[in-house]
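In our numbering, the protein residues as written are 2 to 219.
Note that CB positions come from ideal geometry on N, CA and C, so glycine has one too.
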Amino acid sequence: MRLDNRLNAILNEIKAQRLADIGADHGKLIVSAVLTGRAETGIAVDISPQSLEKAKNLAKKYNVADRIEFLCSDGLEEVQGADCIVIAGMGANEIIKILSRKRIPDAVYITLPHQDTPYLRKYLFEENFFIKKDYIIKENQRYYSVIIFVEGKSNYSKEELFFGKNTPPSAAFEEYLYHRKEAIDNIISQAGSIDKISSALRAEKKEIERCLIKLKML
Ligand SMILES: C[S@@+](CC[C@H](N)C(=O)[O-])C[C@H]1O[C@@H](n2cnc3c(N)ncnc32)[C@H](O)[C@@H]1O
């Protein structure tokens, strides 16, 4: 099955006895994980019955429906016994809601927010999650962060909340910094002065400059 860069990046991070895919939708990720042996078994979870039906049909097509449980449910509410949890393709606020309601002890979480990624990092920082990886990938002219974490002791620095750790280093990281720099410089030129943009944007610009200096020193 052909996966885009985004789903492929997630698939390559999975190593599970029992994988839970929250918001499984089309089912491509969970079916691929079971087919390739990256997961022995899986739980496809979706809040929408129509979406879950798509995942079920794909699993049947690839003859792996007997290795996947299908749950029409909200977030992790009914998930039990998973050692790896994927939450991808939702905004950071939805991911935060899911993690705030229930967690699975000792599980590895693989997340890929579609928007507001710094909010998710702030939440993980405040809630003492230990970040194993946080790197940027590019798909279809858009940039996404893959953030992998476990419960434990927080290891983000305040500066890393904007762009993550670039761990492992990825080529898309520098590209994304220039992309954001250009966007902020445009906002400044429209506003007429850097003093007229928000303090959050000014802080982001400072962090871009710090990251670029650090990259040039490597
Ligand atoms: C844009 S799709 C992403 C599909 C896939 N994970 C991906 O990244 O390509 C989002 C899916 O998440 C489901 N979803 C949204 N909130 C959810 C929640 N709280 N619990 C379970 N599923 C949810 C939606 O019904 C939808 O099928």
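Between which two residues does the alpha helix (DSSP H) carrying V80 extend?
-> Per DSSP, V80 belongs to no alpha helix (DSSP H) and is neither H nor E.
Which word fits E205, buried or exposed, when buried means at least 16 other C-beta atoms lie within 10 angstroms of its C-beta?
-> buried
DSSP three-state call for K134: helix, strand or coil?
-> strand
DSSP beta-bridge partners for G92?
-> None, per the DSSP bridge assignment.
Length of the line joining the Cα atoms of Y144 and Y63 | 30 angstroms
So G28 and A10 are in contact, right, with Cβ under 8 angstroms, and what is the actual spacing, rounded?
-> 18 angstroms between Cβ atoms; not a contact.
For ligand 1, residues whose Cβ lies under 5 angstroms from any non-hydrogen atom | G24, D26, D47, I48, S49, S52, D75, G76, A89, G90
Could you say if the region 38-48 and the region 16-23 meet the contact criterion of at least three C-beta pairs nearer than 8 angstroms?
-> yes
Quick one: what's I148 bridged to in DSSP?
-> T112, D135
Between the beta-carbon of S237 and the beta-carbon of G165, is there less than 7 angstroms?
-> Since the displayed the chain opens at 2 and closes at 219, residue 237 lies outside it and no answer follows.
Kindly list the residues whose CB is nearer than 6 angstroms to the CB of I137, restricted to its own chain and excluding five residues on each side of it in sequence; keep chain order.
-> Y144, S146, S171, A173, F174, Y177
Under a three-way DSSP split, which group does L4 fall into?
-> coil
For E208, which residues of its own chain have a beta-carbon under 7 angstroms away from its beta-carbon, when the five flanking residues on both sides are left out?
-> E160, F163, F164
Go through the region 38-73 residue by residue and report every complete run of the alpha helix (DSSP H) that reaches 4 residues or more, in order.
-> 50-62
Residues of its chain near S74, where Cβ-Cβ distance is below 6 angstroms and the 5 sequence neighbours each way are ignored = V46
When the Cβ atoms of the region 90-101 are set against those of the region 114-125, are three or more pairs found closer than 8 angstroms?
-> yes
Which same chain residues, not among the five before or five after L53, have their C-beta less than 6 angstroms away from its C-beta?
-> D47, F71, C73
Report, in whole angstroms, the separation of the C-beta atoms of A34 and L4, which I expect to be a contact under 8 angstroms.
-> A34 to L4, Cβ: 10 angstroms. No contact.
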